[in-house]
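Step one of this worksheet: look at the structure below.
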Amino acid sequence: MEEIKKCECPECVKRAHEAARHDEMGLAILIMLMPAMTLTLLSNVGLF
Numbered sequence: 920m921e922e923i924k925k926c927e928c929p930e931c932v933k934r935a936h937e938a939a940r941h942d943e944m945g946l947a948i949l950i951m952l953m954p955a956m957t958l959t960l961l962s963n964v965g966l967f
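So, in structure tokens, the structure goes:
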């Protein structure tokens, strides 16, 4: 399979950096909410 060339122009590099930062922030929010979701699930099941 052929490798896809990535554009190295400043606009594309800036856009890729911004997308990576956005993805990292979304993952951080999910990790932050995980304990609350776990406690809610356990409370609804009756184990907590």
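Residue 966 in our numbering sits at position 47 of the sequence shown, with consecutive numbering throughout. Where a beta carbon is used, it is the ideal one built from N, C-alpha and C, also for glycine. This structure is a prediction, so every number in the text was calculated from the model and none was measured.
- Straight-line measurement puts the Cα of A955 at about 41 angstroms from the Cα of P929.
- Rounded to whole angstroms, the gap between the alpha carbons of K925 and E937 is 16 angstroms.
- G945 sits in a helix when the DSSP states are folded into three classes.
- Between G965 and M951, the alpha-carbon positions lie close to 23 angstroms from each other.
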